[in-house]
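Colleague: Throughout the sequence shown, residue numbering follows full-length UniProt numbering, covering 1 to 360 in sequence. Starting off with a structure, shown below.
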Amino acid sequence: MCSAVLDISTAPVDPDEYIRELMTWHFSEETGSPYWLRRARTLDFDPRADIRTFADLTRFPNVVNEFRDITIEDLIPRGLEGPDREIAGIFESGGTTGLPKRFVMFDRWMEFALGWDEFHYAELGTVNTLAIAPSGPHMFGEFATRRARRHHGVKFTIDLDPRWIKHLIAQGDTESADRYAEHLVDQVAHILTTQSVGILITTPPLLERLARRPELVEAIRKQVKFICWSGAHMDADTRDIFRREIFPDIPLKGLYGSTTILGMSRERDEERPDGLPVFDTPSPYIAFRVVDPETGADLDYGQRGQVVMNHLTKYALLPNNLERDMATKVEPLPGAIGCAVADVGPVKTFDDRSVIEGVY
Numbered sequence: 001m002c003s004a005v006l007d008i009s010t011a012p013v014d015p016d017e018y019i020r021e022l023m024t025w026h027f028s029e030e031t032g033s034p035y036w037l038r039r040a041r042t043l044d045f046d047p048r049a050d051i052r053t054f055a056d057l058t059r060f061p062n063v064v065n066e067f068r069d070i071t072i073e074d075l076i077p078r079g080l081e082g083p084d085r086e087i088a089g090i091f092e093s094g095g096t097t098g099l100p101k102r103f104v105m106f107d108r109w110m111e112f113a114l115g116w117d118e119f120h121y122a123e124l125g126t127v128n129t130l131a132i133a134p135s136g137p138h139m140f141g142e143f144a145t146r147r148a149r150r151h152h153g154v155k156f157t158i159d160l161d162p163r164w165i166k167h168l169i170a171q172g173d174t175e176s177a178d179r180y181a182e183h184l185v186d187q188v189a190h191i192l193t194t195q196s197v198g199i200l201i202t203t204p205p206l207l208e209r210l211a212r213r214p215e216l217v218e219a220i221r222k223q224v225k226f227i228c229w230s231g232a233h234m235d236a237d238t239r240d241i242f243r244r245e246i247f248p249d250i251p252l253k254g255l256y257g258s259t260t261i262l263g264m265s266r267e268r269d270e271e272r273p274d275g276l277p278v279f280d281t282p283s284p285y286i287a288f289r290v291v292d293p294e295t296g297a298d299l300d301y302g303q304r305g306q307v308v309m310n311h312l313t314k315y316a317l318l319p320n321n322l323e324r325d326m327a328t329k330v331e332p333l334p335g336a337i338g339c340a341v342a343d344v345g346p347v348k349t350f351d352d353r354s355v356i357e358g359v360y
């Protein structure tokens, strides 16, 4: 039986109690997933006895590479029943660092994650959404579909294969990659100039390409009420130009997330003096650390290092995952576990592979 403390909610919980109950859930024969019950036998500790706090999660190995070829059924916790067991989709990572990893997203968790970010959009009313983002096996597209549904509008989208652009760049064929990116913008142009769009969801590289076409800047200024960016890095200078010069009257907010945490962190409303956005997680369900990439030791606030992500719900356990991003460690909001992050950007290499952002 699931402890009430594991039910997804915005109510505060005791973080240590939450971690202990989570270990009981994922490592009990009656409730755990086949994957974790099998993997537990290879660990040199007992999760139910030895993992008592968030800090203890560092004892787990980083297992996400095993999710490249694991059977999806093995990732479903046995204790999930009824509506909790309804699946929103099977989603894949972007394939930036090799073959994509595959994850199960449950409907109740996805709706919670979307609702947690809703306050940014709460006053927009009924509007249509244009998602210039990958769909198919990518989580990004399903989030955009559900965002449109929440605002009683339709979602417009385009054909976008981010892996093809990354492949072209990796092969040194930047000319073809550029032509493909412009092909994407051509598709966007037809929608923006013929349809009503209130929410624009896209990635920084594609937003930059839209901004190069005066007619599209005019179309966005005329009708778009909110711009959400995610999926790639945006530096402080670019963000400032977008906000002050190109789209000065349109809220521009970022999300920083990953399929490997089945969700995202959202941009904090308060401004930093350096103009960089700060990203907070829905604690305790998603939690970040920032570590020294050489030693793995936690850094102090204000220091820059590599991001470690944790997804910690009854729907999935993904602890201690070293991400392909560098960031500055920021103090979390009161009561949150882990930390917030700012100035997020990709590492140059990860798992001995060059990291290519492309358009996503």
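We treat Cβ as the ideally placed atom computed from N, Cα and C, and that holds for glycine.
In chain order, which beta strand (DSSP E) runs of at least 3 residues are fully inside the UniProt domain "AMP-dependent synthetase/ligase" (186-309)?
Modeller: With a minimum length of 3 residues, the continuous beta strand (DSSP E) runs that stay inside the UniProt domain "AMP-dependent synthetase/ligase" (186-309) are 199-202, 226-229, 252-258, 263-267, 278-280 and 286-291.
Colleague: Since Ile261 contacts Leu318 with CB under 8 Å, what's their CB separation in whole angstroms?
Modeller: Contact holds; Cβ gap of about 6 Å.
Colleague: Grab the span of the alpha helix (DSSP H) containing Leu22 for me, first residue to last.
Modeller: Pro15 to His26 is the span of the alpha helix (DSSP H), which, as asked, contains Leu22.
Colleague: Just checking, does the segment 174-182 make contact with the segment 211-227 on the three C-beta pairs under 8 Å criterion?
Modeller: Contact fails: fewer than three Cβ-Cβ distances are below 8 Å.
Colleague: Take Ser28 and list the residues in its own chain whose beta-carbon comes closer than 8 Å to its own, dropping the five residues that flank it on each side.
Modeller: These residues qualify, in order along the chain: Arg48 and Gly79.
Colleague: Between Ala340, Val104, Gly198 and Thr193, which has its C-alpha nearest Ala148's C-alpha?
Modeller: Ala148 has its Cα closest to that of Gly198, out of Ala340, Val104, Gly198 and Thr193.
Colleague: With burial defined as no fewer than 16 other Cβ atoms inside 10 Å of the residue's Cβ, what is the status of Gly263: buried or exposed?
Modeller: Classification for Gly263: buried.
Colleague: If you count every other CB in all the chains shown that lies within 10 Å of the CB of Ile286, and 16 or more means buried, which is it?
Modeller: Ile286 comes out buried.
Colleague: Counting pairs of Cβ atoms below 8 Å between the segment 187-207 and the segment 217-232, do you hit three or more?
Modeller: Yes: at least three Cβ pairs fall under 8 Å.
Colleague: With respect to the alpha helix (DSSP H) encompassing Asp346, which residues constitute its N-terminal and C-terminal limits?
Modeller: The amino acid at residue 346 is misidentified as Asp; the sequence shows Pro. It is not in any alpha helix (DSSP H) - Pro346 instead sits in the beta strand (DSSP E) that spans Ala340 to Pro346.
Colleague: Go ahead and label Asp280 buried or exposed: buried means 16 or more other beta carbons lie within 10 angstroms of its beta carbon, across all protein chains shown.
Modeller: The residue is buried, with at least 16 neighbouring Cβ atoms inside 10 Å.
Colleague: Does DSSP put Arg68 in a helix, a strand or coil?
Modeller: Helix at Arg68.
Colleague: Ordered along the chain, which non-local residues of its own chain (more than five positions away) have a Cβ less than 7 Å from that of Ala40?
Modeller: Hits under 7 Å: Phe27 and Pro47.
Colleague: Can you tell me where the alpha helix (DSSP H) with Arg149 in it begins and where it stops?
Modeller: Looking at the DSSP string, the run of the alpha helix (DSSP H) that includes Arg149 is Met139 to Arg150.
Colleague: Is Tyr360 helix, strand or coil by DSSP?
Modeller: With a pLDDT of only 47 at Tyr360, under the threshold of 50, the placement of this residue in the model should not be trusted; the figure read from the coordinates follows. Tyr360: coil per DSSP, three-state reduction.
Colleague: Would you report the Cα separation of Pro204 and Asp107, rounded to the nearest angstrom?
Modeller: Spanning the two alpha carbons is a distance of roughly 28 Å.
Colleague: Going by the DSSP bridge assignment, what does Asp325 pair with across the sheet?
Modeller: Beta-bridge pairing links Asp325 to Pro346.
Colleague: So, does the segment 304-323 touch the segment 266-278, judging by three or more C-beta pairs under 8 Å?
Modeller: Counting Cβ pairs under 8 Å, fewer than three are found: no touch.
Colleague: Helix, strand or coil: which one does DSSP assign to Ala113?
Modeller: The answer is helix: DSSP assigns Ala113 an H, G or I state.
Colleague: Count the other CB atoms within 10 Å of the CB of Ile8; is the residue buried (16 or more) or exposed (fewer)?
Modeller: The residue in question, Ile8, is buried, as its Cβ has 16 or more Cβ neighbours within 10 Å.
Colleague: Let's test the definition: count the other Cβ atoms within 10 Å of the Cβ of Tyr360 and tell me whether it reaches 16, buried, or not, exposed.
Modeller: Caution is warranted here: a pLDDT of 47 is assigned to Tyr360, below 50, making its placement in the model unreliable, and the coordinate value is therefore given only provisionally. Tyr360 is buried by the Cβ-count criterion.
Colleague: Along the chain, where does the beta strand (DSSP E) that runs through Pro130 open and close?
Modeller: It should be pointed out that residue 130 corresponds to Leu in this sequence rather than to Pro. Note, Leu130: beta strand (DSSP E), Thr129 to Ala131.
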